[in-house]
Amino acid sequence: MVGVTQPTISNLMAEGKLPATGTLGELLHAYCQRLRDQAAGRLGSELGGLDLVQERAALAREQREGQAIKNAIARREYAHVGLLADVLGMASSAVVDRFDQLEGTLRKACPDLPDEAKTAVLQVIASARNEWIRSTGQLVADSIDAMVAGSDDEIESSTGDADA
363 MVGVTQPTIS NLMAEGKLPA TGTLGELLHA YCQRLRDQAA GRLGSELGGL
413 DLVQERAALA REQREGQAIK NAIARREYAH VGLLADVLGM ASSAVVDRFD
463 QLEGTLRKAC PDLPDEAKTA VLQVIASARN EWIRSTGQLV ADSIDAMVAG
513 SDDEIESSTG DADA
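Structure below.
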């Protein structure tokens, strides 16, 4: 063909980019159509190369997601996981401090309360406090894991789209 070596044509046929059979005119027409598609950006020059339509769609998706995050931040519906973890930790710390003051408050409010009753109340409160701290820590860890897994899935799906 026009300025193309036989090995190049054979490779294009083997890769399915040109028809394996046909007249010289049909092969030339298919080759020229392929060059036009490459020039127009509709077809990558390499196997798995740039696909303009997919790239534009991916860019539009990223822009849409970015704008959605900006809107959520503006509406105060979104915060970074680290900030949420810090706020949750401060709130938990404040509650734990109040629980720790309970023993002194019980002595002042109920001086006649038997020691066994005080111990029972304090054990229940300590157990609840410890479970709260454990469950909020687990909640933060699970949220971070889900966020990481979601970004991994998004990366895998975007690379899977590029391979298709």
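Residues in the sequence shown are numbered consecutively from 363, following the working numbering. Glycine included, each C-beta is placed from N, C-alpha and C at the ideal position.
CA nearest to the CA of residue i, picked from the options
{"i": "Gln463", "options": "Leu450, Arg491, Asp448, Arg496", "result": "Arg491"}
{"i": "Leu446", "options": "Gln425, Arg396, Ala503", "result": "Ala503"}
{"i": "Met509", "options": "Ala430, Ile487, Gly428, His442", "result": "His442"}
Distance between residue j and residue i (C-alpha atoms, nearest Å)
{"i": "Leu450", "j": "Arg460", "result": "16 Å"}
{"i": "Ala422", "j": "Thr498", "result": "37 Å"}
{"i": "Leu397", "j": "Ile435", "result": "46 Å"}
{"i": "Pro476", "j": "Val486", "result": "16 Å"}
{"i": "Pro381", "j": "Leu389", "result": "7 Å"}
{"i": "Asp474", "j": "Lys480", "result": "10 Å"}
{"i": "Leu414", "j": "Arg437", "result": "34 Å"}
{"i": "Asp448", "j": "Ser455", "result": "10 Å"}
Element boundaries [alpha helix (DSSP H), containing residue i]
{"i": "Cys394", "result": "386-402"}
{"i": "Leu468", "result": "464-471"}
{"i": "Ala376", "result": "368-376"}
Residues near residue i by beta carbon distance below 8 Å, same chain, minus five either side
{"i": "Gly384", "result": "Ala392"}
Neighbourhood of residue i by C-beta distance below 7 Å, restricted to the same chain and skipping five residues each side
{"i": "Ile506", "result": "Val443"}
{"i": "Lys379", "result": "Arg396"}
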